[in-house]
Amino acid sequence: MSQKEDLFAHQDTLAQLHEDIPLSDKLSFIHQIILQDFPFINRLAIALFDEKTDMLKTYTHSTDDPDNPITTYEAALSSAPSLRDIIDHRRPRLVQDLDIFAQGTHEHTRRIAAKGYKSSYTMPLYQSGAFIGFLFFNSLQEHPFSPAILRQIDIYGHLIALMVINELAAIRTLVAAVQATRSMTHYRDIETGKHIDRTAHYARLIARELAKNYSISDEQIEHIFLFSPLHDVGKIGIPDSILRKPGKLDDDEFDIMKTHPEKGRKIIDSILEDFSLYGLGHVSIMRNIAEYHHEAMDGSGYPKGLKGDEIPIEARISAVADVFDALTSRRAYKIPWSNEKAFALLKQLSNTKLDRDCVNALLRYPDKILAIQQRFKDDESA
Numbered sequence: 011m012s013q014k015e016d017l018f019a020h021q022d023t024l025a026q027l028h029e030d031i032p033l034s035d036k037l038s039f040i041h042q043i044i045l046q047d048f049p050f051i052n053r054l055a056i057a058l059f060d061e062k063t064d065m066l067k068t069y070t071h072s073t074d075d076p077d078n079p080i081t082t083y084e085a086a087l088s089s090a091p092s093l094r095d096i097i098d099h100r101r102p103r104l105v106q107d108l109d110i111f112a113q114g115t116h117e118h119t120r121r122i123a124a125k126g127y128k129s130s131y132t133m134p135l136y137q138s139g140a141f142i143g144f145l146f147f148n149s150l151q152e153h154p155f156s157p158a159i160l161r162q163i164d165i166y167g168h169l170i171a172l173m174v175i176n177e178l179a180a181i182r183t184l185v186a187a188v189q190a191t192r193s194m195t196h197y198r199d200i201e202t203g204k205h206i207d208r209t210a211h212y213a214r215l216i217a218r219e220l221a222k223n224y225s226i227s228d229e230q231i232e233h234i235f236l237f238s239p240l241h242d243v244g245k246i247g248i249p250d251s252i253l254r255k256p257g258k259l260d261d262d263e264f265d266i267m268k269t270h271p272e273k274g275r276k277i278i279d280s281i282l283e284d285f286s287l288y289g290l291g292h293v294s295i296m297r298n299i300a301e302y303h304h305e306a307m308d309g310s311g312y313p314k315g316l317k318g319d320e321i322p323i324e325a326r327i328s329a330v331a332d333v334f335d336a337l338t339s340r341r342a343y344k345i346p347w348s349n350e351k352a353f354a355l356l357k358q359l360s361n362t363k364l365d366r367d368c369v370n371a372l373l374r375y376p377d378k379i380l381a382i383q384q385r386f387k388d389d390e391s392a
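Numbering-wise (our numbering), the sequence shown opens with residue 11 and increments by one.
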């Protein structure tokens, strides 16, 4: 080997983090690096905090036992005093023996214990000073963390935190750009902010219920949650004379209206290019929701006339969430339907217009639906 070639002999251990791969793959890669030095760290996991609902939500994880994950759940942070203490102290928490929480009733505590984990190191995640979630290092051993080990783990923890913050910031940039695009026209959006919140939470409810049978990851659930409310962005390209017409559209007008899904896809593609966000994980979810949310299970929808499983699952989920909220919301031209009446119509539309599994997933939780409606209630004076 020549002296010049010696200059490039070392391979960057973390070079794979530069690649265009999902956050979950990056986390798994870092976990493999950590295991080389600390084989007792059996699980890395990230939970995100939803300030509007006080819920902690599983987001992504890496475990050395792929058949033993803790996924697709959410729990109230207010009911977990030990986790609240981490935020209050703004410092990580070290538990060398999780038996001290043996009598704990919080969902996270029970799930961790059920999987056999004996110790944990938990770092709070902050973005510009605001708490956004937790990073968990879990071990099947008791008392494995020494001060020297923790100093090294802290470095990995902050690297992971930066990756998470970078991804979330990119997602928020994308969502904000799409929302701004929709509002920066003559179009006056008849959908309230509460409609957006409700639709997002209905979509999340459906996605979580379908996760196991449809292999939907926590990351994908979160992206469906974030992107579902933006399905109609293409309507900014539809003239007000059609969009806000109080009566039924004629055939020519409806043909124009049916162009909004493809317009939405083009708008999103343009934003992705302008903001250099094509490398962002799961952007296909937003694009599919925008383009295919009016496809029907029997092939009678638009713009492509897709049928059944040809329609991406995220678009099928978004369609059910949006139709349900449209039925149960007040509009200038209609009074809100009762949940029971809306449930009946959704069942009637199952397997013709709407996906039966998505409908059943939503209808399985009437109490949670009611809680969403009560939390995100429209301002009746508006």
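A virtual CB, placed ideally from N, CA and C, is assigned to each residue, including glycine.
In this text the structure is predicted, and so the values were computed from the model without any measurement.
Should residue i be labelled buried (16 or more other beta-carbon atoms within 10 Å of its own) or exposed?
| i | result |
| --- | --- |
| R198 | Unreliable positioning characterises R198 in this predicted model, as indicated by a pLDDT of 46, which lies under 50. A coordinate reading is not provided. |
| D242 | buried |
| G462 | No answer is possible for residue 462: the residues shown for the chain start at 11 and end at 392. |
| D16 | exposed |
| A392 | At A392 the pLDDT is 45, less than 50, meaning the model places this residue with poor confidence and gives no usable figure here. |
| T362 | exposed |
| G139 | exposed |
| Q230 | buried |
| D250 | exposed |
| F285 | exposed |
| L146 | Sequence inspection shows Phe at residue 146; the Leu mentioned does not correspond to that position. So F146 ends up on the buried side. |
| K378 | exposed |
| F155 | buried |
| N176 | exposed |
| T68 | buried |
| I163 | buried |
| T70 | buried |
| H153 | exposed |
| E305 | buried |
If we ignore side chains and look at the alpha-carbon of each, how far apart do residue i and residue j end up?
| i | j | result |
| --- | --- | --- |
| T3 | S280 | Residue coverage of the chain in this structure runs from 11 to 392, which leaves residue 3 outside it and unanswerable. |
| T82 | S227 | 8 Å |
| A210 | I234 | 8 Å |
| P313 | K245 | 14 Å |
| N349 | A213 | 16 Å |
| T195 | F237 | With a pLDDT of only 49 at T195, under the threshold of 50, the placement of this residue in the model should not be trusted; the figure read from the coordinates follows. Whole-angstrom Cα-Cα distance: 21 Å. |
| L282 | A217 | 24 Å |
| Q189 | L240 | 7 Å |
| G114 | R120 | 7 Å |
| I327 | D365 | 8 Å |
| K125 | I382 | 31 Å |
| W347 | I96 | 44 Å |
| S130 | N52 | 10 Å |
| T338 | Q42 | 48 Å |
| G289 | T132 | 29 Å |
| F111 | H168 | 26 Å |
| L58 | E232 | 9 Å |
| V185 | A25 | 29 Å |
| S149 | A90 | 20 Å |
| H118 | R103 | 15 Å |
| L356 | I44 | 48 Å |
| G318 | T23 | 44 Å |
| I80 | S225 | 14 Å |
| G309 | H303 | 13 Å |
| K204 | T183 | 20 Å |
Relative to the C-alpha of residue i, which candidate in the options has its C-alpha closest?
| i | options | result |
| --- | --- | --- |
| G315 | A85, K255, T269, I181 | T269 |
| M65 | A86, F48, L54 | A86 |
| A354 | V330, A57, K344, R340 | V330 |
| L372 | I206, D332, R340, K62 | D332 |
| S34 | F48, S251, A171 | A171 |
| I56 | Q46, L135, F111 | L135 |
| V105 | S92, L215, H99 | S92 |
| D389 | K36, R341, K378, Y375 | R341 |
| N223 | T183, Q384, T68, C368 | C368 |
| Q29 | I299, S149, G291 | Strictly speaking, residue 29 in this sequence is Glu, with Gln absent from that position. The candidate whose alpha carbon is nearest that of E29 is G291. |
| M173 | D98, I321, P32, A336 | P32 |
| Y375 | E324, L220, G247, F264 | L220 |
| F141 | K62, D22, I278, E320 | K62 |
| K344 | K357, P256, G309, L380 | P256 |
| L215 | E84, Q26, Q21, F264 | E84 |
My guess is that residue i and residue j are in contact by the Cβ rule of under 8 Å, so how many angstroms apart are they, rounded?
| i | j | result |
| --- | --- | --- |
| K128 | L108 | 6 Å |
| D207 | F386 | 4 Å |
| R275 | R297 | 6 Å |
| A300 | P271 | 6 Å |
| L27 | S72 | Between S72 and L27 the Cβ distance is about 14 Å, and since that is not below 8 Å, they are no contact. |
| G311 | K273 | Wrong, their Cβ atoms sit about 16 Å apart, outside the cutoff. |
Using a Cβ-Cβ distance cut-off of 8 Å, determine whether residue i contacts chain B.
| i | result |
| --- | --- |
| S310 | The chain labelled as chain B is not found in the depicted structure, where only one protein chain is given. |
### Task
Run through the stretch 91-169 for me and flag every whole alpha helix (DSSP H) of 4 or more residues, listed as ranges in chain order.
91-99, 117-124
### Message
Just to confirm the assignment: which complete alpha helix (DSSP H) runs, minimum length 4, are found wholly within the stretch 228-293?
### Response
228-237, 250-253, 261-267, 270-284
### Message
So within the stretch 321-389, which uninterrupted alpha helix (DSSP H) runs reach at least 4 residues, ignoring any that extend past its ends?
### Response
323-338, 349-359, 366-373, 376-385
### Message
List, from N- to C-terminal side, the beta strand (DSSP E) runs of 3 residues or more that fit wholly inside the stretch 15-64.
### Response
51-60
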